[in-house]
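Data first, discussion second: the structure below is written as structure tokens.
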Amino acid sequence: MSDREPIYVTRPALPPLEEFVPYLQEIWDARILTNGGPMHQRLEAALCKHLGVPHISLFNNGTQALVTALQAADIHGEVITTPYSFVATAHSLLWNSLRPVFVDIDPVTLNLDPARIEEAITPDTAAIMPVHCYGHPCDVQAIRAIADKHGLKVIYDAAHAFGVRDDGGSVLRHGDMSVLSFHATKVFSTFEGGAIICRDKETKQKIDRLKNFGFEADGSTVTLHGTNGKLSEIHAAFGLMQLEGIEASLARRQAVDLRYRQELAAVQGISCVEGKNELVANYAYFPILVGPTYPLSRDALFRRLQEHGIFTRRYFHPLITEFPMYRALPSAEPANLPVATRVASEVICLPIYPELDEEQVGRILSVIKESAAA
1 MSDREPIYVT RPALPPLEEF VPYLQEIWDA RILTNGGPMH QRLEAALCKH
51 LGVPHISLFN NGTQALVTAL QAADIHGEVI TTPYSFVATA HSLLWNSLRP
101 VFVDIDPVTL NLDPARIEEA ITPDTAAIMP VHCYGHPCDV QAIRAIADKH
151 GLKVIYDAAH AFGVRDDGGS VLRHGDMSVL SFHATKVFST FEGGAIICRD
201 KETKQKIDRL KNFGFEADGS TVTLHGTNGK LSEIHAAFGL MQLEGIEASL
251 ARRQAVDLRY RQELAAVQGI SCVEGKNELV ANYAYFPILV GPTYPLSRDA
301 LFRRLQEHGI FTRRYFHPLI TEFPMYRALP SAEPANLPVA TRVASEVICL
351 PIYPELDEEQ VGRILSVIKE SAAA
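Going letter by letter, the sequence shown gives residues 1 to 374 in my numbering.
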């Protein structure tokens, strides 16, 4: 193990503590801690403006937001989704008594392959839940065409896609709804948190009722079997503070991303995952694929980096379809998912975060290059 300071795959961006104190003072003065208070309302308005979306509803975490989006869309039956994601994507379906149908991913973007989506549609198919993997947009036009052709709803798991834009604006505008995560590991954080982006006022009102036990706006009548998904005032305040520094944070991520790409381009057996269709990226992750021409296997490189105090992540490994609650599904058979199965055996996400300095990036690159020459 290296005796130098360890480098982790990510590190939450935390401004100076004294900058948070005025926000806390406002909360103390108002004595409103939750239930859609002033900070919550300010953050919703600020995020709509920053992201360029019409309506947003804040949540206590991204998983609860996914669960509620499906409930708001009134979906029943089967939902086509990806095996190559964090397990919350599929869990949100089980929580709504929906049957996940897994299809393979595109070998370049690692997002759902539209051709595989169409092949999997049955009379029981009700919706598609794609993931903008690593913040790289899905083929939204192809997915929309398939959904329109078959009368399906589209709920995007956009947990990685904060601030990502395509040639028409925010990628969050696509689908019937898009769901964000504001977990501590994300490019924009509220410690824990999430949000649903929707198209119209009526849908937002329904979402807001569902996340508050099903209460109507007057607080006296329950009309839906909702849950408690509200974001507290302290979490919202932290989000407001984070938003002030988001551009500088993303710029530093971009610089790290660029250096990785430049220096890894000549390393045989290492390929960097490329985005498609985004005009503005957020550099949320930096995944590489360790191919068969690299001298070490993926797992051996993972361990070699760890020996040098560099803690990467095999993200996403294993596939969702390998977990016990999913592996018995017919669509979970590895033979049905050759691209996802291969990628899950090759992927490593390298460290990327605003405070990662040039010396640390150099350490990471040196281990990969020296291992390639061994």
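The C-beta atom is built at its ideal place from N, Cα and C for all residues, glycine as well. Since the model is a prediction, treat every value here as computed from it, not as a measurement.
Return the CA-CA distance between residue i and residue j, expressed in angstroms with no decimal places.
i      : j      : result
Ile7   : Ala65  : 31 angstroms
Leu305 : Cys349 : 12 angstroms
Pro107 : Gly168 : 25 angstroms
Pro338 : Leu319 : 11 angstroms
Leu70  : Pro114 : 21 angstroms
Ser249 : Gln360 : 17 angstroms
Leu51  : Val164 : 9 angstroms
Cys272 : Leu58  : 33 angstroms
Lys49  : Leu243 : 11 angstroms
Gly214 : Gly309 : 48 angstroms
Asn35  : Phe102 : 37 angstroms
Phe238 : Lys230 : 15 angstroms
Ala265 : Glu216 : 56 angstroms
Ser92  : Arg314 : 22 angstroms
Arg199 : Leu224 : 20 angstroms
Ser181 : Ala335 : 31 angstroms
Lys211 : Tyr23  : 25 angstroms
Asn228 : Glu358 : 43 angstroms
Glu278 : Leu172 : 12 angstroms
Ala374 : Ile368 : 10 angstroms
Arg209 : His136 : 31 angstroms
Asp74  : Ala126 : 10 angstroms
Ala332 : Arg31  : 50 angstroms
His174 : Asp29  : 39 angstroms
Glu322 : Pro330 : 12 angstroms
Ile270 : Arg303 : 16 angstroms
Phe162 : Arg252 : 16 angstroms
So which of the options has the shortest CA-CA distance to residue i?
i      : options                        : result
Gly77  : Asp124, Ile105, Pro334         : Asp124
Gln41  : Cys138, Ile234, Pro338         : Ile234
Ile128 : Gly135, Leu258, Ile105, Ile80  : Ile80
Val343 : His317, Gly362, Val367         : His317
Lys186 : Arg259, Thr34, Leu172, Ala284  : Ala284
Gly226 : His55, Ala72, Trp28, Leu43     : Ala72
Leu43  : Ala374, Asp139, Phe188, Asn212 : Phe188
Gln262 : Val280, Met39, Phe286, Val87   : Phe286
Ser345 : Val171, Ser331, Ala300         : Ala300
Cys138 : Ala184, Arg4, Ile117           : Ile117
Arg363 : Pro324, Pro54, Phe311          : Phe311
Leu365 : Val9, Thr122, Arg31, Tyr260    : Tyr260
Arg99  : Glu370, Gly37, Tyr326          : Tyr326
Gln254 : Ile270, Gly269, Pro330, Ala281 : Ala281
Ala88  : His183, Ser220, Gln268, Thr203 : His183
Pro292 : Glu18, Glu307, Val267          : Val267
Under three-state DSSP, which class holds residue i?
i      : result
Phe376 : It is not possible to answer for residue 376, since the shown part of the chain is limited to 1 through 374.
Gly219 : coil
Asn228 : strand
Ser451 : Residue 451 cannot be examined here, being either before or after the span of the chain that is shown, 1 to 374.
Asn60  : coil
Arg31  : coil
Arg342 : helix
Ile143 : helix
Leu47  : helix
Val361 : helix
Asn212 : strand
Tyr283 : coil
Tyr8   : strand
Val131 : strand
Ser271 : strand
Ile155 : strand
Arg252 : helix
Between residue i and the rest of its own chain, which residues show a CB-CB distance below 8 angstroms, the 5 nearest in sequence each way excluded?
i      : result
Cys133 : Thr82, Tyr84, Ser85, Ile105, Thr109, Leu110, Asn111, His160
Val179 : Gly62, Ala65, Leu66, Ala69, Ile155, Tyr156, Asp157, Ala158, Ala159, Gly194, Ala195, Ile196, Ile197
Thr341 : Leu319, Pro334
Asp166 : Pro137, Val140, Asn277, Glu278, Leu279
Gln205 : Ala217
Rounded C-beta distance between residue i and residue j? I'm assuming under 8 angstroms.
i      : j      : result
Pro354 : Ala13  : 5 angstroms
Trp95  : Val67  : 5 angstroms
Leu240 : Ala46  : 6 angstroms
Leu289 : Val347 : 6 angstroms
Thr190 : Ala236 : 7 angstroms
Pro16  : Gly245 : Contact flag wrong, Cβ pair sits at about 11 angstroms.
Lys153 : Asp176 : 5 angstroms
Ser170 : Val53  : 6 angstroms
Glu274 : Asn60  : Contact flag wrong, Cβ pair sits at about 34 angstroms.
Excluding the 5 residues preceding and the 5 following residue i in the sequence, name in chain order all residues of the same chain whose CB lies nearer than 6 angstroms to its CB.
i      : result
Ser276 : One detail in the question is off: residue 276 reads as Lys in this sequence, not Ser. Same-chain partners within the cutoff: Thr109.
His150 : Ile121
Met39  : Glu233, Ala236, Ala237
Leaving out five residues on either side along the sequence, give the residues of the same chain with a beta carbon under 7 angstroms from the beta carbon of residue i.
i      : result
Ser11  : Residue identity differs from the one stated: residue 11 is Arg in this sequence, not Ser. The answer, listed in chain order, is Tyr353, Glu355.
Pro295 : Ser371, Ala372, Ala374
Val9   : Phe311, Thr312, Arg313, Cys349, Pro351
Glu19  : Met241
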